[in-house]
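Working notes, structure below.
In our numbering, the protein residues as written are 12 to 234.
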(Lines of atoms letter the chains of each structure in order from A and count residues from 1; the text may use other names and numbers.)
(Lines give C-alpha, C1' and ligand atoms only; values in the text may rest on other atoms or scores of the structure.)
Protein backbone atom coordinates (compact mmCIF):
# COMPACT_ATOMS: atom_id res chain seq x y z
CA UNK A 1 0.00 0.00 0.00
CA UNK A 2 1.46 3.36 -1.02
CA UNK A 3 1.45 6.40 1.25
CA UNK A 4 -1.11 8.07 -1.03
CA UNK A 5 -3.45 5.07 -0.85
CA UNK A 6 -3.11 4.86 2.92
CA UNK A 7 -3.99 8.54 3.16
CA UNK A 8 -7.05 8.04 0.95
CA UNK A 9 -8.22 5.11 3.08
CA UNK A 10 -7.78 7.24 6.19
CA UNK A 11 -9.87 10.03 4.66
CA UNK A 12 -12.58 7.50 3.84
CA UNK A 13 -12.68 6.43 7.49
CA UNK A 14 -12.80 10.08 8.59
CA UNK A 15 -15.76 10.66 6.28
CA UNK A 16 -17.62 7.66 7.71
CA UNK A 17 -17.03 8.93 11.23
CA UNK A 18 -18.36 12.33 10.20
CA UNK A 19 -21.52 10.62 8.92
CA UNK A 20 -22.21 9.30 12.39
CA UNK A 21 -21.01 12.40 14.25
CA UNK A 22 -23.37 14.64 12.26
CA UNK A 23 -26.32 12.27 12.77
CA UNK A 24 -26.51 11.25 9.11
CA UNK A 25 -25.94 7.64 10.06
CA UNK A 26 -26.21 5.30 13.01
CA UNK A 27 -24.00 2.44 14.18
CA UNK A 28 -22.47 0.32 11.43
CA UNK A 29 -25.15 1.10 8.84
CA UNK A 30 -24.21 3.03 5.73
CA UNK A 31 -21.18 2.56 3.51
CA UNK A 32 -18.74 4.45 1.32
CA UNK A 33 -16.71 3.79 -1.83
CA UNK A 34 -14.13 5.67 -3.90
CA UNK A 35 -12.96 5.00 -7.44
CA UNK A 36 -9.35 3.82 -7.24
CA UNK A 37 -6.92 2.26 -9.71
CA UNK A 38 -8.55 -0.55 -11.71
CA UNK A 39 -11.60 -0.65 -9.45
CA UNK A 40 -12.68 0.84 -6.16
CA UNK A 41 -12.06 1.01 -2.44
CA UNK A 42 -15.07 0.27 -0.23
CA UNK A 43 -15.80 0.06 3.48
CA UNK A 44 -15.98 -3.44 5.01
CA UNK A 45 -19.14 -5.12 6.24
CA UNK A 46 -20.41 -4.74 9.82
CA UNK A 47 -17.40 -2.96 11.27
CA UNK A 48 -17.78 0.04 13.61
CA UNK A 49 -16.21 3.10 12.03
CA UNK A 50 -14.41 3.99 15.26
CA UNK A 51 -12.57 0.66 15.09
CA UNK A 52 -11.73 0.88 11.39
CA UNK A 53 -8.13 1.16 10.21
CA UNK A 54 -6.79 1.84 6.70
CA UNK A 55 -5.99 -1.87 6.31
CA UNK A 56 -9.68 -2.71 6.82
CA UNK A 57 -10.82 -0.82 3.71
CA UNK A 58 -11.52 -3.35 0.97
CA UNK A 59 -9.97 -3.20 -2.51
CA UNK A 60 -12.43 -4.40 -5.14
CA UNK A 61 -12.13 -5.01 -8.89
CA UNK A 62 -14.94 -4.27 -11.36
CA UNK A 63 -15.74 -8.00 -11.60
CA UNK A 64 -16.60 -8.10 -7.89
CA UNK A 65 -13.49 -9.91 -6.69
CA UNK A 66 -11.83 -8.31 -3.69
CA UNK A 67 -8.83 -8.34 -1.40
CA UNK A 68 -9.02 -8.27 2.39
CA UNK A 69 -12.11 -8.22 4.55
CA UNK A 70 -15.63 -8.91 3.32
CA UNK A 71 -16.92 -5.76 1.60
CA UNK A 72 -20.11 -3.93 2.49
CA UNK A 73 -23.25 -5.88 1.69
CA UNK A 74 -24.14 -3.03 -0.70
CA UNK A 75 -21.00 -3.42 -2.82
CA UNK A 76 -23.10 -4.10 -5.94
CA UNK A 77 -24.63 -0.67 -6.19
CA UNK A 78 -21.32 0.99 -5.31
CA UNK A 79 -19.56 -0.87 -8.10
CA UNK A 80 -22.38 -0.49 -10.61
CA UNK A 81 -22.84 3.23 -9.96
CA UNK A 82 -19.13 3.97 -10.35
CA UNK A 83 -19.05 1.93 -13.57
CA UNK A 84 -22.11 3.69 -14.95
CA UNK A 85 -21.16 7.20 -13.83
CA UNK A 86 -17.69 8.32 -14.94
CA UNK A 87 -18.63 11.83 -13.79
CA UNK A 88 -18.44 10.82 -10.10
CA UNK A 89 -15.73 9.18 -8.01
CA UNK A 90 -17.43 8.74 -4.63
CA UNK A 91 -20.61 6.91 -3.60
CA UNK A 92 -21.96 7.49 -0.09
CA UNK A 93 -24.91 5.60 1.37
CA UNK A 94 -26.52 6.31 4.73
CA UNK A 95 -29.77 5.92 6.65
CA UNK A 96 -30.35 9.55 7.63
CA UNK A 97 -33.61 9.81 9.56
CA UNK A 98 -35.67 12.29 7.55
CA UNK A 99 -34.57 11.07 4.12
CA UNK A 100 -35.36 7.53 5.20
CA UNK A 101 -38.76 8.61 6.54
CA UNK A 102 -39.68 10.01 3.12
CA UNK A 103 -38.24 6.90 1.45
CA UNK A 104 -40.47 4.73 3.66
CA UNK A 105 -43.42 6.31 1.82
CA UNK A 106 -41.65 5.67 -1.51
CA UNK A 107 -42.12 9.33 -2.38
CA UNK A 108 -40.12 11.52 -4.70
CA UNK A 109 -39.33 14.95 -3.27
CA UNK A 110 -40.64 17.50 -5.80
CA UNK A 111 -39.37 21.03 -6.43
CA UNK A 112 -41.07 22.43 -3.32
CA UNK A 113 -37.79 24.33 -2.68
CA UNK A 114 -35.29 25.56 -5.25
CA UNK A 115 -32.41 23.66 -3.56
CA UNK A 116 -33.80 20.42 -4.99
CA UNK A 117 -31.90 21.57 -8.10
CA UNK A 118 -28.60 20.83 -6.34
CA UNK A 119 -29.30 17.15 -7.04
CA UNK A 120 -29.32 17.90 -10.77
CA UNK A 121 -32.99 18.20 -11.70
CA UNK A 122 -36.49 19.14 -10.60
CA UNK A 123 -37.03 16.13 -8.31
CA UNK A 124 -35.14 14.05 -5.80
CA UNK A 125 -36.24 10.63 -6.97
CA UNK A 126 -37.02 7.65 -4.77
CA UNK A 127 -35.89 4.29 -6.18
CA UNK A 128 -38.31 1.40 -6.04
CA UNK A 129 -37.88 -0.94 -3.11
CA UNK A 130 -35.62 -3.98 -3.49
CA UNK A 131 -33.90 -6.24 -0.98
CA UNK A 132 -30.66 -4.82 0.41
CA UNK A 133 -27.50 -6.12 -1.23
CA UNK A 134 -29.37 -7.35 -4.31
CA UNK A 135 -28.76 -6.68 -7.99
CA UNK A 136 -32.37 -5.47 -8.15
CA UNK A 137 -31.52 -2.72 -5.67
CA UNK A 138 -28.48 -1.72 -7.70
CA UNK A 139 -30.57 -1.53 -10.87
CA UNK A 140 -33.21 0.55 -9.10
CA UNK A 141 -30.60 2.94 -7.71
CA UNK A 142 -28.96 3.49 -11.10
CA UNK A 143 -32.34 4.30 -12.64
CA UNK A 144 -33.20 6.79 -9.88
CA UNK A 145 -29.77 8.42 -10.18
CA UNK A 146 -30.04 9.07 -13.91
CA UNK A 147 -28.92 12.70 -14.38
CA UNK A 148 -28.91 13.14 -10.60
CA UNK A 149 -26.30 13.36 -7.84
CA UNK A 150 -28.50 11.79 -5.17
CA UNK A 151 -31.58 9.64 -4.68
CA UNK A 152 -33.69 8.03 -2.01
CA UNK A 153 -33.96 4.25 -1.76
CA UNK A 154 -37.48 2.99 -1.13
CA UNK A 155 -37.91 1.98 2.53
CA UNK A 156 -34.15 2.04 2.99
CA UNK A 157 -32.15 5.31 2.98
CA UNK A 158 -30.31 7.62 0.61
CA UNK A 159 -27.37 7.63 -1.82
CA UNK A 160 -25.24 10.73 -2.49
CA UNK A 161 -22.58 11.07 -5.19
CA UNK A 162 -19.60 13.37 -5.64
CA UNK A 163 -16.23 13.85 -7.28
CA UNK A 164 -14.68 14.05 -3.83
CA UNK A 165 -15.36 12.68 -0.36
CA UNK A 166 -16.29 16.14 0.90
CA UNK A 167 -18.63 16.74 -2.03
CA UNK A 168 -20.47 13.45 -1.48
CA UNK A 169 -20.82 14.11 2.24
CA UNK A 170 -22.10 17.63 1.56
CA UNK A 171 -24.65 16.21 -0.87
CA UNK A 172 -25.88 13.74 1.75
CA UNK A 173 -26.26 16.57 4.25
CA UNK A 174 -28.27 18.53 1.66
CA UNK A 175 -30.54 15.56 0.97
CA UNK A 176 -31.25 15.13 4.67
CA UNK A 177 -31.94 18.85 5.15
CA UNK A 178 -34.34 18.92 2.19
CA UNK A 179 -36.14 15.82 3.44
CA UNK A 180 -36.57 17.40 6.87
CA UNK A 181 -37.92 20.62 5.31
CA UNK A 182 -40.25 18.64 3.05
CA UNK A 183 -41.73 16.71 5.95
CA UNK A 184 -42.28 19.98 7.85
CA UNK A 185 -43.82 21.66 4.80
CA UNK A 186 -46.17 18.70 4.23
CA UNK A 187 -47.46 19.09 7.80
CA UNK A 188 -49.21 22.27 6.55
CA UNK A 189 -50.56 20.51 3.47
CA UNK A 190 -49.00 19.57 0.13
CA UNK A 191 -46.62 22.44 -0.69
CA UNK A 192 -46.73 24.22 -4.05
CA UNK A 193 -44.10 23.13 -6.56
CA UNK A 194 -41.85 25.35 -8.64
CA UNK A 195 -42.38 25.08 -12.38
CA UNK A 196 -40.01 23.18 -14.67
CA UNK A 197 -39.14 26.49 -16.33
CA UNK A 198 -38.15 28.05 -13.01
CA UNK A 199 -36.10 25.01 -12.05
CA UNK A 200 -34.27 25.25 -15.38
CA UNK A 201 -33.40 28.87 -14.52
CA UNK A 202 -32.26 27.81 -11.04
CA UNK A 203 -30.07 25.03 -12.42
CA UNK A 204 -28.51 27.39 -14.97
CA UNK A 205 -27.86 29.96 -12.24
CA UNK A 206 -26.26 27.32 -10.02
CA UNK A 207 -24.00 26.20 -12.85
CA UNK A 208 -22.90 29.79 -13.48
CA UNK A 209 -22.16 30.34 -9.80
CA UNK A 210 -20.88 26.83 -8.91
CA UNK A 211 -23.58 27.02 -6.25
CA UNK A 212 -24.18 24.20 -3.80
CA UNK A 213 -20.80 22.54 -4.27
CA UNK A 214 -18.47 21.38 -1.52
CA UNK A 215 -15.88 24.01 -0.45
CA UNK A 216 -13.22 22.68 -2.81
CA UNK A 217 -15.68 22.32 -5.67
CA UNK A 218 -16.83 19.16 -7.36
CA UNK A 219 -14.41 18.87 -10.22
CA UNK A 220 -11.25 17.66 -8.51
CA UNK A 221 -9.82 14.20 -8.04
CA UNK A 222 -11.02 12.12 -5.05
CA UNK A 223 -10.02 13.74 -1.76
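Where a beta carbon is used, it is the ideal one built from N, C-alpha and C, also for glycine.
message = What does the Cβ neighbour count give for residue 62, buried or exposed, with the cut at 16 atoms within 10 Å?
response = Residue mapping note: residue 62 aligns to position 51 of the chain shown, counting from 1. Result: exposed.
key: Assigned exposure category for residue 160 - 16 Cβ within 10 Å defines buried   = Counting from one through the chain shown, the residue named residue 160 turns up at place 149. So residue 160 ends up on the buried side.
ask   = Just how far apart, CA to CA, sit residue 163 and residue 56?
value = Walking along the chain shown from the start, residue 163 turns up at place 152. Walking along the chain shown from the start, residue 56 turns up at place 45. Each residue's alpha carbon lies about 21 Å from the other.
key: Host alpha helix (DSSP H) of residue 21 (start-end)   = Locating residue 21 in the chain shown gives position 10, where the first residue counts as 1. Bounds of the alpha helix (DSSP H) holding residue 21 are 14 to 32.
query = Do residue 110 and residue 168 come within 8 Å of each other at the CB atom, strictly closer than that value?
reply = Counting from one through the chain shown, the residue named residue 168 turns up at place 157. Counting from one through the chain shown, the residue named residue 110 turns up at place 99. A contact, by the Cβ cut-off of 8 Å.
key: Sub-8 Å separation of residue 23 and residue 92 beta-carbons   = Sequence index remark: in the chain shown, residue 23 carries index 12 (1-based). Sequence index remark: in the chain shown, residue 92 carries index 81 (1-based). No, they are not a contact pair.
Collapsed DSSP secondary structure at residue 42 in the structure displayed = As a working mapping, residue 42 is identified with position 31 in the chain shown. In the displayed model, residue 42 falls within a strand according to three-state DSSP.
Under 8 Å between C-beta atoms of residue 53 and residue 21 = One-based indexing of the chain shown puts residue 53 at position 42. One-based indexing of the chain shown puts residue 21 at position 10. In this structure, residue 53 lies away from residue 21, with their beta-carbon atoms at least 8 Å apart.
query = Would the segment 196 to 210 and the segment 114 to 131 be scored as touching if the rule is three or more Cβ pairs under 8 Å?
reply = The segment 196 to 210 makes contact with the segment 114 to 131; the number of CB pairs closer than 8 Å reaches 3 or more.
ask   = Are residue 137 and residue 36 close, meaning C-beta to C-beta below 8 Å?
value = Taking the chain shown and counting its residues from 1, one reaches residue 137 at position 126. Taking the chain shown and counting its residues from 1, one reaches residue 36 at position 25. No, the pair does not count as a contact, with Cβ atoms beyond the cut-off.
query = Do the segment 211 to 220 and the segment 137 to 149 touch if we need at least three Cβ pairs shorter than 8 Å?
reply = Segments in contact, no.
task = Measure the alpha-carbon distance for residue 29 versus residue 88 and round it to whole angstroms.
result = By one-based count along the chain shown, residue 29 stands at place 18. By one-based count along the chain shown, residue 88 stands at place 77. Computed Cα separation, rounded: 22 Å.
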